[in-house]
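Peer 1: Residue numbers (my numbering): 403 to 1483.
Take a look at the structure:
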């Protein structure tokens, strides 16, 4: 059998960059562009996946694709994120190795979508069951909640994560998910109070105002108009492709699935509304007697509404915005706040309120999705954290975001590049050393505990005296001036005499992703992240249960005078914990790249992609893979897996594992340049060699399975034969007994039959003799009677006249007729015209009179019956007659409609107040009002509509609202098509070019089809301009015009899921098939 090669060889471009020839930066970019232009957005570098953001939906994430990549070799199919997810999941399930998937890249490169795809794939391939499905659904539905509260539109990404998320998904020994734990890192809370130009606040604010019901907004004291809230930017309030109203409903549904109670959801929305109200509070100065200005709330309406939402006394919060209390040991000093300080306090409260609400949401989600069992779990971590950011104005948020990305790059360097080289050296494999940039020096510049930038910032925030952003920059210039990756106006690396792009209030760091200019304005305040104690205590006094939980430090009985840790210190500790966590797991990398800055599809900007390729270290990764080997495995597992490929190693190898592998590779005649022997592992250079081994192993396993099946089938057949042989002896014995019994029964039955026949013959012989004797006696009596009659007639013949016979005949006929008429009178049928009974005629010569009398009686009976009719009833019977002419012997449904009266107005539309509005819209008298189903061409399903028929129009209206959906003038109706089957489907075909035919013909279904078509035919003939009759087409196959397309409607007899009712199903774009159950006799 021919060995199957990898599908990577048959792709557009090169699917694995390790196989790229020649290898250069230009060829690397050209290969990415070629694959991107053909919608191939995934490319491998060994086991690393490069993901290009297509900025559009692609049909490569269907359930069929999931099954295609399930339990497949990583290199067996075309590059896909599902391949990496499957490899990580199978390693976790089968090899008991904890996994982590690190998704890195710039903002807008598609990291969040990549994490969703990984989670959705794992959810699709793991086990099933009610409890497992519940856990999977909760894990997946946590994403919409966190995205709504933690994502926002930026200039680079419409759904940018403004927080870092690391989720540990816990599995049991079978690989079924048990739960998860989410960690969040540094929400960008400054966005709550201020957004850069062209960006939005967090999604939840816009979703709440757009998607909440009017009643909900009224309870939250909010308006839909974004312009009424100072915290919401207006220049990008509406984003193309984002439906905030729909997203709000999705978020509420996700919160319910995750496990939030209704009162918890209401509390969360009240806090979101309070943040919006908080931004509308404005202050005015008020002079005091000591020539100082004191802040006062300008308009107390928003303050009042916010206090009502949170259950806070208005005077308490108003005082907290005007005064600040400073405690030092046993002393308390109260100072007034000016307007600027009041605005600072307001914004600090808004940021803290939203940030703590977000942390509470994460904690609440963790309570719902955490694993219930305490046994050891397998863990798969998925890291979705902010990408590297370089904006026009970069502040404290961008600084710590880029610091986190430096740490992630350091992890990538340590776990991928450096460990690759160290392992080769450790195994004694010949290695060409590759120089690569180690960004540890940049991480040390930022996080060094002695003279790092973050340490200097914390020192400035904690030291007494006047602390400003300028003093912080001066300290950096003193400590970091000689560092090669730090630049400022006063550093030795700035060359400020020639570089005029470096402002005095900024410093520049040369990150691995490029140089970034940071403005120090706001660094100290954002790092301090102070919230006045008066505001904390005011929040704790609220009657709102969730507010008390968010501000525990406001409890007067638990006052802590210790200064809280800075924001930078907290983030640095969180990142350190994350790095330690990642070090304990087997890493899997997805490197996300955005092809352009316009967020547009089909655009590939080489310079932008080249910049990302450089700072992601992808070229170095390719060089390491090409200089080294794509696959490695210890000798023991390798021999155990492939030993069946060689007769000398199968089934057991007695010597050392390495010698067994050497014998195996020599027997398979694998070229020596394709592999090398290390001290404890074998290294395979090319994936093709690995595929060759896997294919040979698969073939060998098939042969072994065939051998096992053969032996098993032989044993099974022998066992079956012996059982059959034993059973045959038993069956034969029982059969012989049964045969003898049946033989005895047959002989006994035959004897009885012979005896019965003999007795019968004797009885019949005696009967014949008795009958002959009786006939002889009767014959003698008859002859005697005739003889006596002859004698009497001969004696009295002289007394009869010549015409006596005629009179006797007439008298006899008269008596017969009299008797006949009396019999008819006594046997007359009922007066119903449908009664076909009539007395039988006694003599054949009365046939003509009998038929004439029957006809006369029927005509008289019909006249008497008609004289009782009103004009309306005459019209109904006239319609019944017309229905008979149209459908009798033509449609199977007609016989069942004969006994049903034609009511016309089945809905009592003029009396029913529900349809009062619809009745007013129709000017003419309604001749027919019934509920029909309008058939949808897309799926064959029906939508309930009200059908109204007047002398001039056919009207279709919505059943629930009574709104008129369509009105067709009867002159525009050219024909009606129905089937011959026992169904209620009919098509109204409209005149081409008429105003009514804009949307095409109508395909309807009615329970009163015969009456509807009969009335249409009758009224359509009178309404026609030229007096032509409406054409009724009865066929099991006809065409219906839907807008620009003609669709064939075909009727077949088949069993349906609906029992005795017909069902319509779309077969393709040109065929609707109606299944009609066979008529029962």
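By construction, the Cβ of each residue, glycine as well, lies at the ideal position given by its N, Cα and C atoms.
1. If residue 889 sits next to residue 909, beta carbons under 8 angstroms apart, how far is it from one beta carbon to the other, in whole angstroms?
2. Could you name the residues that DSSP lists as bridge partners for residue 1298?
3. Take residue 569 and list the residues in its own chain whose beta-carbon comes closer than 6 angstroms to its own, dropping the five residues that flank it on each side.
4. On the premise that residue 1331 lies in contact with residue 1350, defined as a C-beta separation below 8 angstroms, what is that separation, rounded to the nearest angstrom?
5. For residue 887, which of helix, strand or coil comes out of DSSP?
6. Taking the alpha-carbon positions, what's the residue 672 to residue 678 distance?
7. Tell me whether residue 663 sits in a helix, a strand or coil according to DSSP, three-state version.
8. Kindly list the residues whose CB is nearer than 7 angstroms to the CB of residue 674, restricted to its own chain and excluding five residues on each side of it in sequence; keep chain order.
9. Counting Cβ pairs, one atom from each stretch, are 3 or more of them under 8 angstroms apart for the region 1104-1111 and the region 484-498?
10. Please give the ranges of any beta strand (DSSP E) in the region 577-645, keeping only runs that are unbroken, at least 3 residues long and fully inside the region.
11. What residue from 946, 947 and 942 has the CA that sits closest to residue 953's CA?
12. Taking the alpha carbon of residue 699 as the reference point, which residue from 1380, 777 and 681 has its own alpha carbon closest?
13. Determine, using beta-carbon pairs with one atom in the region 1404-1422 and one in the region 1294-1302, whether at least three such pairs fall under 8 angstroms.
14. Excluding the 5 residues flanking residue 476 on each side, which residues of the same chain have their C-beta closer than 6 angstroms to its C-beta?
15. What is the DSSP secondary structure of residue 737, reduced to helix, strand or coil?
16. Looking only at DSSP bridge pairs, what is residue 1379 linked to?
17. Of the residues 1256, 707, 711 and 739, which one's Cα is nearest the Cα of residue 722?
18. Could you say which of 1223, 1275 and 1124 lies nearest to residue 1306 if we only look at CA atoms?
19. Residue 660 and residue 360 - do their beta-carbons sit closer together than 8 angstroms?
20. In chain order, which continuous runs of the alpha helix (DSSP H) of length 4 or greater are located wholly inside the region 1225-1285?
21. Compare the Cα-Cα distances from residue 1289 to each of 1437, 1040 and 1459 and report the closest residue.
22. Just reading off the alpha helix (DSSP H) that residue 797 is part of, what are its end residues?
23. So, helix, strand or coil for residue 756, using DSSP?
24. Would you call the region 1446-1463 in contact with the region 1377-1392, where contact means no fewer than 3 C-beta pairs closer than 8 angstroms?
25. Could you compute how far the alpha carbon of residue 923 sits from the alpha carbon of residue 797?
26. By alpha-carbon positions, which one of 656, 877 and 1277 ends up nearest to residue 1420?
27. Which whole-angstrom value describes the C-beta separation of residue 503 and residue 983, a residue pair presumed to lie in contact below a C-beta threshold of 8 angstroms?
28. I need the boundaries of the alpha helix (DSSP H) containing residue 1033, first residue and last residue.
29. Taking only heavy atoms of the ligand GDP into account, decide whether any of them is closer than 7 angstroms to the Cβ of residue 1255.
30. Give me, in chain order, the residues of the same chain whose beta-carbon lies closer than 8 angstroms to that of residue 547; leave out the 5 immediate sequence neighbours on both sides.
31. Contact between the region 459-477 and the region 513-533: three or more CB pairs below 8 angstroms?
32. Taking the runs of the beta strand (DSSP E) that are 3 residues or longer, which of them lie wholly in the region 918-1000?
33. Rounding to the nearest angstrom, what Cα-Cα distance links residue 1486 and residue 1466 in this structure?
34. So the alpha helix (DSSP H) residue 1407 belongs to, where does it begin and stop?
35. Decide if the region 448-461 is in contact with the region 1002-1009; the criterion is three or more beta carbon pairs, one per stretch, under 8 angstroms apart.
36. Would you mind working out which of 782, 753, 448 and 737 sits nearest residue 597, comparing C-alpha positions?
Peer 2: So, from the listed chains and residues:
1. Sequence index remark: in the chain shown, residue 889 carries index 487 (1-based). Sequence index remark: in the chain shown, residue 909 carries index 507 (1-based). For a cut-off of 8 angstroms, the C-beta gap from residue 889 to residue 909 is around 7 angstroms, short enough to register as a contact.
2. Position 896 of the chain shown holds residue 1298. For residue 1298, which the question treats as bridged, DSSP gives no partner whatsoever.
3. Counted from its first residue, the chain shown places residue 569 at position 167. Taken in chain order, the residues that qualify are 582, 584 and 784.
4. As a working note, residue 1350 is residue 948 in the chain shown. As a working note, residue 1331 is residue 929 in the chain shown. That pair is a contact at about 5 angstroms.
5. Counting from one through the chain shown, the residue named residue 887 turns up at place 485. Residue 887 sits in coil when the DSSP states are folded into three classes, being neither helix nor strand.
6. To locate residue 672, count along the chain shown from 1; it is residue 270. To locate residue 678, count along the chain shown from 1; it is residue 276. Cα-Cα distance, rounded: 10 angstroms.
7. Position 261 of the chain shown, counted from the first residue, corresponds to residue 663. Here residue 663 sits in coil by DSSP.
8. In the chain shown, residue 674 corresponds to position 272, counting from 1. Here the set comprises 606, 607 and 610.
9. At 8 angstroms Cβ cutoff, the stretches do not touch.
10. Counting whole runs of 3 or more residues, the region 577-645 contains the beta strand (DSSP E) stretches 579-587.
11. Counted from its first residue, the chain shown places residue 953 at position 551. Of the listed residues, the one whose Cα sits closest to residue 953 is 942.
12. Residue mapping note: residue 699 aligns to position 297 of the chain shown, counting from 1. Selected option, being the one with the closest Cα: 681.
13. Cβ pair count under 8 angstroms is three or more, so yes.
14. Here residue 476 is taken as the residue at index 74 of the chain shown, counted from 1. Here the set comprises 485 and 489.
15. Counting from 1 along the chain shown, the entry for residue 737 is found at position 335. Strand at residue 737.
16. Within the chain shown, numbered from 1, the residue matching residue 1379 stands at position 977. Looking at the DSSP output, residue 1379 sits in a beta bridge with 1389 and 1435.
17. Position 320 of the chain shown, counting from 1, holds the residue named residue 722. Per the Cα distances, 739.
18. Position 904 of the chain shown, counting from 1, holds the residue named residue 1306. For the set 1223, 1275 and 1124, the Cα lying nearest the Cα of residue 1306 is the one of 1275.
19. Shown here, the chain extends from 403 to 1483; a query on residue 360 therefore has no answer.
20. Listed in chain order, the alpha helix (DSSP H) runs fully inside the region 1225-1285 are 1249-1268, counting runs of at least 4 residues.
21. Residue 1289 sits at position 887 when you count from the first residue of the chain shown. The option with the nearest alpha carbon to residue 1289 is 1437.
22. Residue 797 sits at position 395 when you count from the first residue of the chain shown. Run containing residue 797: none; DSSP gives neither H nor E here.
23. Your numbering for residue 756 matches position 354 in the chain shown. Looking at residue 756 - three-state DSSP - the assignment turns out to be helix.
24. Taking 8 angstroms as the limit for Cβ pairs, the verdict is that the region 1377-1392 does touch the region 1446-1463.
25. Translated into positions along the chain shown, residue 923 becomes position 521. Translated into positions along the chain shown, residue 797 becomes position 395. Taking the straight line from one Cα to the other gives about 7 angstroms.
26. Residue numbering aside, residue 1420 sits at position 1018 when the chain shown is read from its first letter. Comparing Cα positions, the closest option is 1277.
27. The count along the chain shown starts at 1 and reaches residue 503 at position 101. The count along the chain shown starts at 1 and reaches residue 983 at position 581. Rounded, the Cβ-Cβ distance is 13 angstroms, inconsistent with contact.
28. Residue numbering aside, residue 1033 sits at position 631 when the chain shown is read from its first letter. That residue, residue 1033, is in no alpha helix (DSSP H); its beta strand (DSSP E) goes 1033-1036.
29. Among the ligands in the structure shown, none appear at all, so the ligand GDP cannot be discussed.
30. Here residue 547 corresponds to residue number 145 of the chain shown, with the count starting at 1. Closer than 8 angstroms at the Cβ level, and outside the excluded window around residue 547, lie 653, 656, 657, 660, 763 and 767.
31. Taking 8 angstroms as the limit for Cβ pairs, the verdict is that the region 513-533 does touch the region 459-477.
32. As summarised for the region 918-1000, the continuous beta strand (DSSP E) elements at least 3 residues long and confined to that stretch are 988-995, given in chain order.
33. Here the chain has residues from 403 to 1483 only, and residue 1486 is not among them.
34. The sequence position of residue 1407 within the chain shown is 1005, counting from 1. No alpha helix (DSSP H) holds residue 1407; the beta strand (DSSP E) holding it covers 1404-1407.
35. The region 448-461 makes contact with the region 1002-1009: 3 or more CB pairs, one atom from each, lie closer than 8 angstroms.
36. In the chain shown, counting from the first residue as 1, residue 597 sits at position 195. It is 753 whose Cα lies nearest to the Cα of residue 597.
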